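Quick note: the sequence shown uses the working numbering, first residue 1, plus one each step.
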Amino acid sequence: KEADTKERSVFDIPIFTEEFLNHSKAREAELRQLRKSNMEFEERNAALQKHVESMRTAVEKLEVDVIQERSRNTVLQQHLESLRQALTSSFAGVPLPGSGETPTMETIDSYMNRLHSIILANPQENENLIATVRDVVSRLE
């Protein structure tokens, strides 16, 4: 008989019988549980939406920062190139002791490193070179 009862349509249950009241209680309990689950999902969804929005804001801010940093990098790169050009032309007449190397745009970085090392290694022997370097640097723009 229970199998028959479960298979019967909701509309087949006579109103205000014990069976109807039990069925109604079960549906109400199920409905409460579904509403509770729905509310929990809506709360989670709202929290996720806030998180997504804050992430979007952070991404937008980072994109602006990246653009600014790229711009700064470009300016710094241009400044570095102008420094290399100025140093190359200013030190063109200052050959390194021993090798006689003079700077070019391609070698200015290594030239300046070697010049610095030579001066630090033996400042007393290279007083004339130090004076020349000071003179050249003082005339840089």
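For glycine and all other residues, C-beta sits at the position ideal for the given N, C-alpha and C.
Because the structure is a prediction, the values reported are computed rather than measured.
For residue i, the three-state DSSP class (helix, strand or coil)
i	result
V136	helix
V92	The question names Val, yet the displayed sequence has Ala at residue 92. Correct three-state label for A92: coil.
N122	coil
T107	coil
T102	coil
E141	coil
E127	helix
Residue i vs residue j beta-carbon contact at 9 Å
i	j	result
A120	P97	Sequence inspection shows Leu at residue 120; the Ala mentioned does not correspond to that position. Going by C-beta atoms, L120 is not nearer than 9 Å to P97.
Q124	M105	no
I108	L140	no
V143	S71	Absent from the structure is residue 143, since the part of the chain shown begins at 1 and ends at 141.
Y111	E101	yes
L62	V94	no
Ranges of the alpha helix (DSSP H) found wholly within the segment 2-67, counting only runs of at least 4
2-7
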